[in-house]
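Comments concern the structure below.
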Amino acid sequence: MPKAELLDPQGKATSGALARLGHGRFHDVRIGKRFELSVDGEITDEVLAEAKQLAADILSNSVIEDVVAISVDGKTVEP
Amino acid sequence: MTARIGVITFPGSLDDRDAQRAIRLAGAEPVALWHADHDLRGVDAIVLPGGFSYGDYLRPGAIASVSPIMREVVDAANAGVPVLGICNGFQMLVESHLLPGGLIRNAHQQFIRRDQRLVVENATTAWTSEFEQGEEIVIPLKNGDGGYIADEETLKRLEGEGLVAFRYAGVNPNGSLNDIAGLTNERGNVVGLMPHPEHAAEPGFGPDTPEAMRSGLDGLRFFTSALARVL
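Protein chains in written order, with numbering that gives the first Met the number 0: chain E, 0 to 78; chain L, 0 to 230.
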């Protein structure tokens, strides 16, 4: 997700559209990304640690984004 | 023998040929480099050109910043070789942590293309030495993700240490904090900026000036600066 303190221009534009459609009760829309990674075999602690590392180093840019959750088979395991 | 300045082409680079042309016009020899190689071919300086490498997928510049040749670019930058990142190249420089902060979608969500006035805030870098400190120049700006952001502490350091290389003059075009258009590193060999010096390097193809249409050549001095540095 874009860091909370940063302007999220996409979210802001979407907030404006919701307001125009009469859904102004929903404000401060923020738009992030979801990555789905597949792996063969068991998801061990080591695999999870590697995924966590990737999320921090490559899939997100910690200057502008936060990793808000890592899930395995739909169940949140991090943070 | 003149200086050899490499321009790295990534999948989706658009302005690599323009950068090569500007380098030739500045009197240096352009060397085409390829993202998938681990070879800088012994160049004296490196340009990361504008464009939309990998379609801006993941984040602008993010995938290019981990391409094979970037390992050599980072090593060269750390060894003092002049590196200029233009637009998408600037995004690669922040993604590879050669420069601090990040670049996000323009505040008004629009792609912007205009001749942009800039103030040269640091005329001591490898790419700006042919400018005067505080000089105002005009070169084209064209991007969708040019909003410069950094945390409070980083901004304070950038300002305190004179690492802001260029600032937007007049109306801030994209919401960049402190009107920052370009940065340099402590050593002054790495410079990144959103506007495009390579598009203001040839008479008849640059920004308009009071003297004549499309006669602006302010961009050429980026490349002559690098030439002066490495010769």
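Just so you know, even glycine gets a beta-carbon here, dropped at the ideal spot from N, CA and C.
Residue range of the beta strand (DSSP E) that Ser-70 of chain E falls in? 69 to 71
For Trp-126 of chain L, is the classification buried or exposed, using 16 other Cβ atoms within 10 angstroms of its Cβ as the cut-off for buried? buried
Looking at Leu-102 of chain L and Tyr-147 of chain L, is the spacing between their C-beta atoms short of 7 Å? yes
Closest by CA to Met-0 of chain E, which one among E:Ser-61, E:Asp-72, E:Ser-70, E:Gly-23? E:Ser-61
Residue range of the unbroken alpha helix (DSSP H) whose run includes Arg-112 of chain L: Segment 111 to 119 is the beta strand (DSSP E) holding Arg-112 of chain L; no alpha helix (DSSP H) there.
Quick one: which unbroken alpha helix (DSSP H) runs of 4-plus residues sit fully inside the segment 148 to 183 of chain L? Chain order, please. 151 to 159
Is any beta-carbon of chain A found at less than 7 Å from that of Val-62 of chain E? Reference to chain A is not applicable here, since the protein chains of this structure are E and L.
Return no unless some Cβ of chain L is closer than 7 Å to the Cβ of Leu-5 of chain E. Yes, Leu-5 of chain E counts as interfacial toward chain L.
Which of helix, strand or coil DSSP assigns to Arg-3 of chain L: Arg-3 of chain L sits in a strand when the DSSP states are folded into three classes.
So Tyr-85 of chain L packs on Ala-18 of chain L, CB below 8 Å; how close in whole Å? A small correction: the amino acid at residue 85 of chain L is Ile; Tyr does not occupy that position in the sequence shown. The Cβ separation is near 7 Å, so the contact holds.
Does Ile-22 of chain L come out as helix, strand or coil in the three-state DSSP assignment? helix
According to DSSP, is Leu-231 of chain L part of a helix, a strand, or is it coil? There is no way to answer for residue 231 of chain L, as the model of chain L reaches only from 0 to 230.
Use the C-beta contact count for Ser-66 of chain L: other C-beta atoms within 10 angstroms, 16 or more gives buried, fewer gives exposed. buried
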